[in-house]
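This report refers to the structure that appears directly beneath it.
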Amino acid sequence: MGGNQPTAPTKPGSVATSGKVFSPAQNLYRPGEIYDFYMYLSSSGEKFSDFNNSDSLFWSMKGLKYNDWTSGENGDGTYMKSVSMPTPDCLLHNQSLYLHAFVTKQHKSPNPKDRNYGKREISYNSFRLNKYKKRHYKLTSNLLTGETELSEYEQKKALENVKYEVLNFWHPNLTVNFVTDFTAWTQGQIPSPLDKQIKFDLVDNYYYPVIFFNNYWNLNSEYMPINETVTTLNFTVTFSPLSLFKWQLYASQQAQGEWTKLLNGGGNDDEEGGDQDVLKQALIETNPVLLGVTVVVSLLHTVLEFLAFKNDIQFWKTRKSLEGLSVRSVLFNIFQSVIVFLYICDNDASWVVRGSVFFGLLIECWKIPKCLDIKVDYENKIFGIIPRITFADKGSYVESETKVYDELAFKYLSWVLFPLLGGYAIYSLMYVEQRGWYNFVLSMLYGFLLTFGFIMMTPQLFINYKLKSVAHLPWRMLTYKFVNTFIDDLFAFVIRMPTLYRLGCFRDDIIFLIYIYQRWIYRVDPTRVNEYGTSMESPEGAAVPEGEEGQKAIAAGEHAKSE
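Read in order, the letters of the sequence shown correspond to residues 1 to 563 in UniProt numbering.
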């Protein structure tokens with residue numbers, strides 16, 4: 001038999017999923033419904049069934065009212081229980097400990113063997129209390145004396161080539177929320193990630209209120225490692241109602257954490273939550289008004305960063321002349337990007353970070369043909385096999401005074417830079433433990449570039465000063481970066497970060513302020529063609545106008561060169 005079979009009409013508001021029709025369901029609990037809750041501890045993650053073991057019962061309360069926001073010690077519907085308990089054997093053996101929570105209607109039992117068992121009137125959820133984190137072992141020592149601050153255990157693990165060890169960590173606080181929500185949810189139409197937590201009873205067409213384990217405010221820095229020396233554990237559980245809006249916020253943050261863990265390639269709860277800790281501390285410690293401003297400027301920072309990146313590519317893509325630009329600074333940026341990429345690879349950064357840094361390195365390398373002439377010599381091969389590659393300055397760079405000023409700027413710069421590099425290298429060698437000479441060179445160069453890298457922006461300032469012109473610069477890109485440096489200043493006040501990093505934000509401001517000052521004293525008509533045949537509106541080059549205006553432009557250029 002063929003042909004289309006007629007489908008039965010559905011009720012208004014109902015949804016058909018996989019041939020089944022679902023109508024909007026109601027919450028099992030109504031406002032003011034009386035309920036009891038039970039919490040059990042177990043080493044098993046399976047649904048709890050060891051009700052006969054009285055030691056497993058952690059906490060129970062009876063006669064509570066659903067949608068009650070005024071009860072409890074503080075008058076906000078919150079109840080709290082704190083205990084100091086012996087460390088369970090399962091945790092000492094690097095296993096897990098789970099908290100199983102049941103909420104039943106009044107006088108109903110979660111135990112299937114009891115006569116008053118509320119089979120279809122129970123909300124249930126479980127949560128792993130311990131957290132698995134990697135403890136990394138790296139054999140470091142002072143390269144001069146051979147001494148190390150590592151313990152004997154850490155040295156032993158490192159010598160055994162154990163990169164990391166997965167250990168148990170414990171946090172003394174947990175919040176258990178009973179979600180207060182009367183939305184008419186329809187199965188198959190619940191947005192993610194709420195859909196994973198709402199369970200339905202298809203017989204009577206209702207859903208069970210959600211038990212939500214909320215550990216969002218548990219900072220990673222507050223977790224303590226569990227080993228044989230830990231004999232007791234402090235544990236505080238807070239039970240409170242939670243609105244739908246807050247539940248959505250917390251659930252989305254938990255889902256984001258799971259995605260982050262997957263992107264970082266970690267099956268365990270790694271130490272990748274450092275950025276989240278910074279955000280949480282900012283939320284806790286920062287004034288709400290300042291925090292709101294920070295959120296807005298964060299979005300602005302992202303947009304400006306993209307625009308700066310876009311305009312930088314456009315500038316170099318259309319650039320035909322290198323007059324007025326510091327080629328050596330461009331090449332140094334490539335060297336700096338290589339060092340940063342090697343450093344993050346040596347320190348086992350996530351593939352997401354490696355990918356973003358590597359992409360930035362490719363963009364910097366893309367500028368090489370724009371700055372240098374590259375020739376491949378197939379006749380004079382290296383070892384008779386590898387073609388010889390030669391680099392030479394472009395004609396527009398050699399024939400101009402820019403090269404002279406660029407070399408002069410780097411000459412003066414070397415008087416400052418090399419003593420600083422030598423001093424920083426000696427300091428790192430004497431006071432910082434390293435894994436080896438390769439690690440020492442990378443760490444030393446990376447730390448030096450992070451601390452003194454801003455100095456490499458000064459050659460362009462020197463060239464601008466000598467040429468008495470700034471028309472050759474990519475001002476759109478510089479403007480975006482200039483605004484972003486002030487946004488970084490705001491972050492430096494709001495978010496916790498090392499003092500040197502904060503100072504780094506302010507030192508960039510000084511460089512950009514000098515750029516702004518130079519633009520003010522060397523102001524030019526954006527449409528006027530300078531001595532190199534370029535203008536601020538046409539950085540790729542334009543023909544010099546004929547007639548009287550052209551003669552004025554040429555005269556202005558010759559005057560700038562003579563100065």
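For glycine and all other residues, C-beta sits at the position ideal for the given N, C-alpha and C.
query	result
Do Val179 and Phe127 have their beta-carbon atoms positioned less than 8 Å apart in this structure?	no
Contact check, Thr231 vs Pro24 under 8 Å by CB: the rounded distance?	With a Cβ gap of about 53 Å, Thr231 and Pro24 do not count as contacting.
What does the alpha-carbon distance come out to for the pair Trp316 and Lys367?	7 Å
Would you list, in sequence order, the uninterrupted beta strand (DSSP E) runs of no fewer than 3 residues that lie entirely inside the region 370-409?	372-382 and 386-393
What span of residues does the alpha helix (DSSP H) with Lys310 cover, start to end?	Pro288 to Thr318
Please report the Cβ distance between Gly118 and Thr140, rounded to the nearest whole angstrom; I am assuming they are in contact, meaning their Cβ atoms lie under 8 Å.	In fact, because the Cβ distance is near 59 Å, the residues do not count as touching under 8 Å.
Closest to Gly447 by C-alpha separation, out of Thr229, Gln336, Leu478 and Thr238, would be which residue?	Gln336
Give the secondary structure of Ser329 by DSSP, where H, G and I count as helix, E and B as strand, and everything else as coil.	helix
If you follow the beta strand (DSSP E) that Phe178 is part of, which residue opens it and which one closes it?	Asn173 to Thr180
Check the C-beta distance from Leu64 over to Tyr38 and give it rounded, since I have them as a contact under 8 Å.	The Cβ separation is near 12 Å, so there is no contact.
Answer with buried or exposed for Ser414, where buried requires no fewer than 16 other C-beta atoms within 10 angstroms of its C-beta.	exposed
If Leu28 sits next to Tyr206, beta carbons under 8 Å apart, how far is it from one beta carbon to the other, in whole angstroms?	5 Å
Quick check: what's the CA-CA separation for Lys403 versus Leu331?	14 Å
I need the straight-line Cα distance from Tyr124 to Lys163, nearest angstrom please.	39 Å
How close, in whole Å, do the beta carbons of Arg388 and Lys381 come, if the pair is a contact with beta carbons under 8 Å?	6 Å
Have a look at Lys156 and Gly146 and give me their C-alpha separation to the nearest angstrom.	16 Å
I'd like to know whether the C-beta atoms of Phe306 and Tyr223 end up nearer to each other than 8 Å.	no
Considering Tyr465, what are the terminal residues of the alpha helix (DSSP H) in which it resides?	Thr458 to Leu467
Alpha carbons only, please: which of Gly355, Ser329 and Lys280 is nearest the one belonging to Val340?	Gly355
Return the CA-CA distance between residue 574 and Thr458, expressed in angstroms with no decimal places.	Residue 574 lies beyond the stretch modelled for the chain, which goes from 1 to 563, so this question has no answer here.
Would you report the Cα separation of Leu194 and Ala251, rounded to the nearest angstrom?	7 Å
Return the chain-ordered list of same chain residues with a C-beta closer than 7 Å to the C-beta of Ile284, the five sequence neighbours on each side being excluded.	none
So, under 8 Å CB-CB, Ile226 and Leu342 are touching, yes? Tell me the CB distance rounded to an integer number of Å.	That belief does not hold up - the Cβ atoms of Ile226 and Leu342 are roughly 36 Å apart, past 8 Å.
As a quick exercise: from Leu467, Tyr216 and Tyr465, pick the residue whose alpha carbon is nearest that of Asn177.	Tyr216
Out of Leu150, Phe239, Lys138 and Arg135, which one is the CA nearest neighbour of Thr175?	Phe239
If the criterion is Cβ atoms closer than 8 Å, does the pair Asp68 and Pro191 meet it?	no
Out of Lys62, Thr318, Leu279 and Leu249, which has the shortest C-alpha to C-alpha gap to Asp36?	Lys62
Name the one or two DSSP bridge partners that Tyr41 has.	The sequence as given places Leu at residue 41; Tyr does not occur at that position. DSSP, once it has assigned bridges, lists Leu99 as partnering Leu41.
Checking the sheet assignment: what are the DSSP bridge partners for Asp36?	Thr104
Consult DSSP for Ala542 and reduce its assignment to one of helix, strand or coil.	In this prediction, Ala542 has a pLDDT of 46, which is less than 50 and means its spatial position is unreliable; nothing more can be read from the coordinates.
Taking only three categories from DSSP, how would you classify Pro191?	coil
Label Asn130 either buried or exposed according to how many other C-beta atoms from any shown protein chain fall within 10 Å of its C-beta, with 16 as the threshold for buried.	buried
Does Pro110 pass the burial test, meaning 16 or more other C-beta atoms within 10 Å, or should it be called exposed?	buried
Suppose contacts are defined by Cβ-Cβ distances below 8 Å. Is Val166 in contact with Lys134 by that definition?	yes
To the nearest angstrom, how far is it from the Cα of Lys346 to the Cα of Tyr424?	Note on residue identity: the sequence assigns Asp, not Lys, to residue 346. Approximately 20 Å between the Cα atoms of the pair.
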